[in-house]
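Asks: The structure under discussion is supplied below as structure tokens; questions concerning it will follow.
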Amino acid sequence: MMPSPIQAYFDADKTDDLQALTGAFASHAVVRDEGKTYAGKEAIEAWWRAAKAKYQSVVEPLGLDEQNEAIKVRARVSGNFPGSPATLTFAFKLAGDRIEELEIAP
167 MMPSPIQAYF DADKTDDLQA LTGAFASHAV VRDEGKTYAG KEAIEAWWRA
217 AKAKYQSVVE PLGLDEQNEA IKVRARVSGN FPGSPATLTF AFKLAGDRIE
267 ELEIAP
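No gaps in the numbering here: position 14 of the sequence shown is 180 in my numbering, and each next residue is one more.
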């Protein structure tokens, strides 16, 4: 079963609900994607808006694996980018009921 903040992230991404998506993150959260780091909710909001506009991506979680402090979700990501669809790993670290860190990698 997927922890509620991670489920909230994927649900919000699917419905393009920016407020729900940023609500899943802690105020001091960090996202790492495509070699860049985004710290804090404002930066995460800007990252997500730009990525959605650029790629029109759709994310479908495939499986979950807990490793030490990280919860890794393999997901099929399809959209407007070369190699679509791609399977990526979304590695989450939680702080209570919020996402503290997210790293997206192949």
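Backbone N, C-alpha and C define an ideal beta-carbon position, used for all residues, glycine too. Note that the coordinates shown come from a computational prediction; the quantities given were computed from them, not determined experimentally.
Between V224 and the rest of its own chain, which residues show a CB-CB distance below 8 Å, the 5 nearest in sequence each way excluded?
Replies: Once the five neighbours on either side are set aside, the close Cβ partners of V224 are K180, V243, S244, G245.
Asks: Is it the case that the Cβ atoms of F191 and L268 are separated by a distance below 9 Å?
Replies: Contact: yes.
Asks: In angstroms, rounded to a whole number, what distance separates the CA positions of T255 and P272?
Replies: When rounded, the distance between both Cα atoms is 6 Å.
Asks: Taking 6 Å as the limit between beta carbons, can you name the residues of its chain near I270, skipping five residues before and five after?
Replies: For I270, where only same-chain residues beyond five positions count, the Cβ hits under 6 Å are D199, L254, F256.
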